[in-house]
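As given, the protein sequences belong to chains U and R, one line each in that order.
Positions 1 to 187 (UniProt numbering) are the ones given, in order, by the first sequence.
Positions 1 to 187 (UniProt numbering) are the ones given, in order, by the second sequence.
Before any comments, here is the structure.
There are 2 protein chains.
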Amino acid sequence: MKKSNDTKYAILGLLTTDCRSGYAIKQMIDRSLNHFWKISYGQVYPMLKQLVTDELATVRDTTQAGGPDKKEYFITEKGEAALQEWLQTPIDKIPAERNAVLLKLFFSRHQYADTTIRQLEDYQEKLKERYSTYEVIEETIASHMRNKQDAPYWLFTLDYGKRRTKAAIDWCTDTIDQINSGRDNHG
Amino acid sequence: MKKSNDTKYAILGLLTTDCRSGYAIKQMIDRSLNHFWKISYGQVYPMLKQLVTDELATVRDTTQAGGPDKKEYFITEKGEAALQEWLQTPIDKIPAERNAVLLKLFFSRHQYADTTIRQLEDYQEKLKERYSTYEVIEETIASHMRNKQDAPYWLFTLDYGKRRTKAAIDWCTDTIDQINSGRDNHG
DNA sequence: GTTAGCATGTAACTAGTTACATGATTAT
DNA sequence: ATAATCATGTAACTAGTTACATGCTAAC
Numbered sequence: 001m002k003k004s005n006d007t008k009y010a011i012l013g014l015l016t017t018d019c020r021s022g023y024a025i026k027q028m029i030d031r032s033l034n035h036f037w038k039i040s041y042g043q044v045y046p047m048l049k050q051l052v053t054d055e056l057a058t059v060r061d062t063t064q065a066g067g068p069d070k071k072e073y074f075i076t077e078k079g080e081a082a083l084q085e086w087l088q089t090p091i092d093k094i095p096a097e098r099n100a101v102l103l104k105l106f107f108s109r110h111q112y113a114d115t116t117i118r119q120l121e122d123y124q125e126k127l128k129e130r131y132s133t134y135e136v137i138e139e140t141i142a143s144h145m146r147n148k149q150d151a152p153y154w155l156f157t158l159d160y161g162k163r164r165t166k167a168a169i170d171w172c173t174d175t176i177d178q179i180n181s182g183r184d185n186h187g
Numbered sequence: 001m002k003k004s005n006d007t008k009y010a011i012l013g014l015l016t017t018d019c020r021s022g023y024a025i026k027q028m029i030d031r032s033l034n035h036f037w038k039i040s041y042g043q044v045y046p047m048l049k050q051l052v053t054d055e056l057a058t059v060r061d062t063t064q065a066g067g068p069d070k071k072e073y074f075i076t077e078k079g080e081a082a083l084q085e086w087l088q089t090p091i092d093k094i095p096a097e098r099n100a101v102l103l104k105l106f107f108s109r110h111q112y113a114d115t116t117i118r119q120l121e122d123y124q125e126k127l128k129e130r131y132s133t134y135e136v137i138e139e140t141i142a143s144h145m146r147n148k149q150d151a152p153y154w155l156f157t158l159d160y161g162k163r164r165t166k167a168a169i170d171w172c173t174d175t176i177d178q179i180n181s182g183r184d185n186h187g
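Below, the structure written as structure tokens:
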């Protein structure tokens, strides 16, 4: 069983949009795929090299007027075939989220209710911030919409993030309430 | 800035429940923390060793009548202090979920609507399975309820998982509908 | 002159997975 | 006998992060 390395296909897929350089790919992931994918330069550049080695992409050195030199990558036919094959392959298992907040909550009988509530409030605040970044991503996608074909799919992924984040925010409110009412009963 | 290694505290925390061996810890995580944490034996055993080295736990060899030998671990006072300190520390950032389904959806203009829908249906099915495992976890927690003090917190984490999974299931339904109605318009 | 943004890359590290190896006991 | 469950562990690997190193251009 070979591992299919989704990050490889994230990069390959982005070569089908306007992203042609390692820098542009990193920017794009940070700005528009941020809610379900992330990557570091330490992955981007070696992987682009690998794509060329595997003949899934070609590279061309480009000198820009008014900007530093860069490398432009282009997906090959073999690359497009590989991308489509990957798109058709169903995922084998649901992504496992590792959530340190829940881990702490799980052991919270070792803690005063106050401290637990503070943790949940802090988490909720971060979730709200995240929710508001979805608005930013929505704008980014809207302004990128020369690519009309991509737009609906990109907005679907955004909707997913919003709904799940909303569910988590609401859970925080309700859980804080429950801890508070439990505390009142015992105090 | 030192990384605080949450897995270490997951194990340390479980030593405050009835789990005393590496095997028991692994079972517990698979059965009751499964929806927000996972671990492999390749982490458990070396980490238990590390806890002893760091004096956060002690170990005792135990021979069982009717069972193989095992090692029992006990949290020390230093360990309990470390656990509490970790519990009080707020998380620095929201866990980033890497979701290959969304990644594929993001590039789905390269794919027939049928194939995209099949992916979403497959994902939804897996989500429903996962949702039903929450019922199992709920039972496990209920049967473990000698530890009455832990119960409410464990059920909170379960509620989180249920709500978020429900949000994802509903999103699948709505997204499939939208893709279908879009296809009708263009066909 | 200095900050911000564009641009490319590597080395060392940390975390986590997978496959392997061993062996006891209990139930079918 | 043989499968399931209990029990412990390591080696090799893969993925991903962080810190570092370099250098250009444009705007303030």
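Idealized CB from N, CA, C, for every residue including glycine.
Put simply, of R:Thr-7, R:Phe-107, R:Arg-31 the residue whose alpha carbon is nearest the alpha carbon of Thr-157 (chain U) is R:Phe-107. The three-state reading of DSSP puts Tyr-73 (chain U) in strand, counting E and B together. In the structure shown, the three-state DSSP call for Asp-61 (chain R) is strand. Of all residues in the region 100 to 121 of chain U, only Ala-100, Val-101, Leu-102, Leu-103, Lys-104, Leu-105, Phe-106, Phe-107, Ser-108, Arg-109, His-110, Gln-111, Thr-115, Gln-119 place a beta-carbon less than 7 Å from a beta-carbon of chain R. Residue contact with chain U for Tyr-131 (chain R): absent (no Cβ-Cβ distance below 8 Å to any residue of chain U). Minimum Cα-Cα distance from Tyr-134 (chain R) among the listed residues R:Asn-34, R:Ser-181, R:Asp-122 corresponds to R:Asn-34. Taking the C-beta atoms as reference points, Ile-29 (chain R) is found no nearer than 8 Å to Leu-56 (chain R).
Closest by C-alpha distance to Ile-141 (chain U), out of U:Lys-126, U:Asp-18, U:Ile-11, is U:Asp-18. Secondary structure of Cys-19 (chain U) (DSSP, three-state): coil. Interface with chain U (8 Å Cβ-Cβ cutoff): Ala-24 (chain R) is excluded.
With fewer than 16 other beta carbons inside 10 angstroms of its own, Lys-78 (chain U) counts as exposed.
Taking one beta carbon from each stretch, the region 153 to 170 of chain R and the region 149 to 169 of chain U have 3 or more pairs nearer than 8 Å; the two touch.
Asn-99 (chain R) counts as buried, since no fewer than 16 other beta carbons sit within 10 angstroms of its beta carbon.
Taking the beta carbon of Gly-182 (chain R) as reference, the chain U residues within 8 Å of it are Pro-152, listed in sequence order. Remark: C-beta atoms of Lys-70 (chain R) and Ser-21 (chain R) approach each other more closely than 8 Å.
Separation of Val-44 (chain R) and Gly-67 (chain U) (C-alpha to C-alpha, rounded to the nearest whole angstrom) is 50 Å.
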